[in-house]
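To start, the structure itself, in structure tokens.
2 protein chains.
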Amino acid sequence: MSTFIQKGGFTDLVATTRVRLARNVRGYTYRGLGLGEYREIADKVWSALQTAPAIASDFAMTEVRAGSQEAAALVEKHLISPDLARKGGFLIASSDGGAAIMIGEEDHIRLQVLGSGLCPKECMETARRLAGLLEGQLQMDYDEKLGYLTACPSNLGTGLRASVMLHLPVLAANSGLSQMMSWAGRQGFTVRGAYGEGSKATGAFFQLSNQITLGLSEDAIIDRLIDAATGVIEAEKKAREQLRTRDEIGLSDQVCRAAGILRTARRIDTAEALECLSYVLIGLQMGYLRGVPSQDIMAAEQAVRPVLLGGTAGERDVKRATFLRAVTENLEVLD
Amino acid sequence: MSTFIQKGGFTDLVATTRVRLARNVRGYTYRGLGLGEYREIADKVWSALQTAPAIASDFAMTEVRAGSQEAAALVEKHLISPDLARKGGFLIASSDGGAAIMIGEEDHIRLQVLGSGLCPKECMETARRLAGLLEGQLQMDYDEKLGYLTACPSNLGTGLRASVMLHLPVLAANSGLSQMMSWAGRQGFTVRGAYGEGSKATGAFFQLSNQITLGLSEDAIIDRLIDAATGVIEAEKKAREQLRTRDEIGLSDQVCRAAGILRTARRIDTAEALECLSYVLIGLQMGYLRGVPSQDIMAAEQAVRPVLLGGTAGERDVKRATFLRAVTENLEVLD
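Structure representation (structure tokens):
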């Protein structure tokens with residue numbers, strides 16, 4: 066089994082990196098395609114992957130049934146978009162979820178590569194390799210001057226959307242975030258809250274992604290994303306140090322209590338779990354805690370969400386607590 | 066150094082046992098005595114103790130200055146009454162605080178012996194030994210028919226007040242407490258909240274003490290107290306098992322979280338500390354937790370009170386948290 070999930074640095078502040086390429090197959094309209102046509106395209110994509118058997122053997126194709134519970138779980142895992150879950154279509158994904166090809170989204174084909182930590186270059190490289198396999202067999206809509214044609218002009222050109230999911234609890238808690246958002250905007254990037262705008266239940270995760278897909282090369286977009294992400298990471302770190310200077314006891318109290326709750330609770334709801342995980346991530350980065358890799362806490366932040374846990378609300382709260390005790394078993398508070 | 070603090074059983078539900086004897090010295094009026102007269106009586110008590118040099122060597126005499134901070138701290142340690150702290154007087158106490166003689170309370174002399182756990186017999190024995198020393202040298206007001214004469218008729222006869230401090234959080238949280246109070250009343254005992262009636266900040270400690278001092282021998286009062294205390298302990302244990310049956314997860318969640326908070330918090334106020342300690346005591350008795358003796362948690366319940374910690378509110382919250390982390394360092398959550 067191959068590994069498609071890429072690995073990068075800054076794992077205590079960067080949850081994931083995602084690179085997505087939009088492609089449309091020549092000969093199909095952009096609107097009003099039915100499930101039959103999407104199935105045709107999916108079959109063609111599947112065939113194209115078979116030209117590299119070592120890669121293809123790790124992929125599986127599944128039909129995404131519109132509005133199903135399975136579709137909702139794929140959304141929470143970030144394997145498909147909410148749009149595809151609603152409309153239905155097809156997903157061709159690697160077994161580790163690191164590479165996923167959606168068929169039936171706004172564009173015929175959306176190819177996504179996922180990484181842990183800050184790794185846009187690595188994700189881009191894998192995405193290019195997979196796109197190359199597809200383009201070897203399928204003719205895509207491409208214009209000499211404009212580049213790849215897409216359903217929405219905002220994706221025109223490279224069809225590339227590269228993003229990093231950043232954990233910015235301290236910037237989010239003060240005015241730092243809006244400042245940082247306008248700074249990112251001037252660099253051609255947008256920052257938006259994961260799972261809805263900045264509610265407490267999001268665990269303070271924010272997605273930084275490129276707004277511009279046209280007039281810049283893929284490599285230039287990737288380089289700029291790395292620069293912007295690094296700037297935001299530094300701003301968050303600085304805000305944390307300012308908080309430490311201002312109220313060291315208050316900060317360490319919240320971090321250590323969060324660790325205590327995750328290690329002991331017998332039931333916990335999503336909002337409290339996400340808040341505690343957020344403080345634990347701060348604590349690991351700032352040296353109040355140790356013993357568990359940040360990536361495991363980042364992964365837990367995904368895994369505790371309701372749809373992935375299943376069962377009634379009461380059952381989920383117990384399952385969530387049991388899971389979190391296991392994840393934080395080796396979490397140590399430093400004195 | 067001798068040990069005057071007696072030891073008893075049921076330490077997971079009984080904080081302390083206290084036996085108090087009221088005595089008045091012949092030749093002094095019961096009301097309107099000045100500090101000079103109390104000093105005379107204190108000196109006589111002090112001399113009487115010297116007839117047993119091995120015991121006397123462990124005692125010290127201090128003047129209680131009316132309304133002082135030191136006096137307030139002695140009240141929180143249960144070494145003197147709030148009344149003596151307000152009026153001023155003298156305290157002759159063993160170095161471990163297990164035996165204390167107040168001069169200047171409602172009665173001229175109040176002799177108190179303290180024990181950990183349920184030990185009224187042991188406390189009574191020590192109190193009798195000390196009272197015997199005093200009575201060997203001082204003539205007390207005594208009536209052949211009535212027994213010892215006291216300022217208030219409620220103490221007439223034996224002058225004995227015997228009490229146990231019980232931890233009854235589950236009875237207190239439901240209707241069980243009022244039922245139990247009327248049951249105890251019918252047996253000639255009263256139940257009252259420690260530090261004011263039943264507020265959450267008391268940590269659910271209740272004092273069970275005899276109402277009747279006349280017409281019963283000391284031994285009969287002590288035996289009845291043991292019976293009443295045992296009955297209340299059984300009622301609390303039964304209420305806990307009913308709670309376990311009704312909501313095992315909820316109960317274990319609160320117990321385990323309390324342990325987690327005490328082991329990690331960097332600052333904690335009195336009310337939260339007492340509530341957490343209360344749940345930890347439940348957890349130790351019910352088998353959810355282990356590793357720290359209940360007596361240590363009972364003692365912590367005293368030690369975290371504001372007057373004993375000193376400093377500003379902010380400083381106290383930090384001191385309290387540091388102290389509680391040390392106390393609960395070896396507290397283990399059982400799965």
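As they're listed, the protein sequences go chains A and B.
Residue numbering for the first sequence follows the numbering used here, starting at 66 and increasing by one per position.
Residue numbering for the second sequence follows the numbering used here, starting at 66 and increasing by one per position.
Ideal Cβ positions, reconstructed from N, Cα and C, are used throughout, including at glycine.
Residue from the options with nearest C-alpha to residue i
{"i": "residue 282 of chain A", "options": "A/329, A/112, A/223", "result": "A/223"}
{"i": "residue 216 of chain A", "options": "A/233, A/171, A/180", "result": "A/171"}
{"i": "residue 251 of chain A", "options": "A/274, A/196, A/110, A/381", "result": "A/274"}
{"i": "residue 167 of chain A", "options": "A/194, A/115, A/155, A/118", "result": "A/155"}
{"i": "residue 84 of chain A", "options": "A/351, A/286, A/397, A/368", "result": "A/286"}
{"i": "residue 382 of chain B", "options": "B/344, B/372, B/335, B/398", "result": "B/335"}
{"i": "residue 277 of chain A", "options": "A/324, A/226, A/248", "result": "A/226"}
{"i": "residue 122 of chain B", "options": "B/157, B/96, B/139", "result": "B/157"}
{"i": "residue 249 of chain B", "options": "B/105, B/292, B/220, B/100", "result": "B/292"}
{"i": "residue 140 of chain A", "options": "A/359, A/323, A/259, A/320", "result": "A/259"}
{"i": "residue 394 of chain A", "options": "A/326, A/196, A/79, A/231", "result": "A/326"}
{"i": "residue 200 of chain B", "options": "B/254, B/186, B/111", "result": "B/111"}
{"i": "residue 290 of chain A", "options": "A/69, A/115, A/79, A/114", "result": "A/79"}
{"i": "residue 69 of chain A", "options": "A/162, A/254, A/134", "result": "A/162"}
{"i": "residue 270 of chain B", "options": "B/357, B/321, B/363", "result": "B/363"}
{"i": "residue 219 of chain B", "options": "B/367, B/137, B/178, B/86", "result": "B/86"}
{"i": "residue 272 of chain A", "options": "A/300, A/208, A/229, A/294", "result": "A/229"}
{"i": "residue 279 of chain A", "options": "A/300, A/319, A/221", "result": "A/221"}
{"i": "residue 77 of chain A", "options": "A/128, A/338, A/295", "result": "A/295"}
{"i": "residue 119 of chain B", "options": "B/235, B/208, B/194", "result": "B/194"}
{"i": "residue 73 of chain A", "options": "A/108, A/380, A/135, A/359", "result": "A/359"}
Chain A contact for residue i (CB, 9 angstroms cutoff)
{"i": "residue 334 of chain B", "result": "no"}
{"i": "residue 345 of chain B", "result": "no"}
{"i": "residue 83 of chain B", "result": "no"}
{"i": "residue 264 of chain B", "result": "Low confidence applies here, because residue 264 of chain B scores a pLDDT of 44, under 50, leaving its location unreliable and the question unanswered by this model."}
{"i": "residue 326 of chain B", "result": "yes"}
{"i": "residue 386 of chain B", "result": "yes"}
6 angstroms CB neighbourhood of residue i in its chain, flanking five on each side removed
{"i": "residue 206 of chain B", "result": "89, 91, 214"}
{"i": "residue 384 of chain B", "result": "374"}
is_contact[residue i, chain B] using C-beta, thresh 9 angstroms
{"i": "residue 50 of chain A", "result": "With chain A covering 66 to 400 only, the question about residue 50 of chain A has no answer from this structure."}
{"i": "residue 329 of chain A", "result": "yes"}
{"i": "residue 381 of chain A", "result": "no"}
{"i": "residue 398 of chain A", "result": "yes"}
{"i": "residue 261 of chain A", "result": "Because the pLDDT of residue 261 of chain A is 46, which lies under 50, any placement of that residue in the model is unreliable, and the number read from its coordinates should be weighed accordingly. No, because no Cβ of chain B sits closer than 9 angstroms to the Cβ of residue 261 of chain A."}
Own chain residues within Cβ distance below 8 angstroms of residue i, not counting five before or after
{"i": "residue 361 of chain A", "result": "392"}
{"i": "residue 159 of chain A", "result": "67, 69, 123, 124, 165"}
{"i": "residue 71 of chain B", "result": "82, 163, 178, 179, 180, 181, 184, 187, 188, 191"}
{"i": "residue 116 of chain B", "result": "198, 201, 202"}
Neighbourhood of residue i by C-beta distance below 7 angstroms, restricted to the same chain and skipping five residues each side
{"i": "residue 169 of chain A", "result": "103, 149, 152, 153, 154, 155"}
{"i": "residue 75 of chain B", "result": "182, 183, 298"}
{"i": "residue 386 of chain A", "result": "330, 331, 332, 333"}
{"i": "residue 246 of chain B", "result": "256"}
{"i": "residue 303 of chain A", "result": "none"}
{"i": "residue 265 of chain B", "result": "Because residue 265 of chain B carries a pLDDT of 46, less than 50, the predicted location of this residue cannot be relied on, and the following value inherits that uncertainty. The residues are 336, 340."}
Three or more C-beta pairs below 8 angstroms linking the region 390 to 397 of chain B and the region 326 to 334 of chain B: yes
Could you check whether the region 341 to 348 of chain A touches the region 340 to 350 of chain B, counting it as contact only if at least three pairs of C-beta atoms, one from each stretch, sit closer than 8 angstroms? no
Positions along the region 294 to 323 of chain B whose CB lies within less than 7 angstroms of some CB in chain A: 314, 317, 318, 321, 322
Touch test, the region 180 to 193 of chain B against the region 101 to 119 of chain B, Cβ-Cβ under 8 angstroms, three pairs minimum: no
Pairs of beta-carbons, one from the region 302 to 320 of chain A and one from the region 227 to 245 of chain A, closer than 8 angstroms: are there three or more? yes
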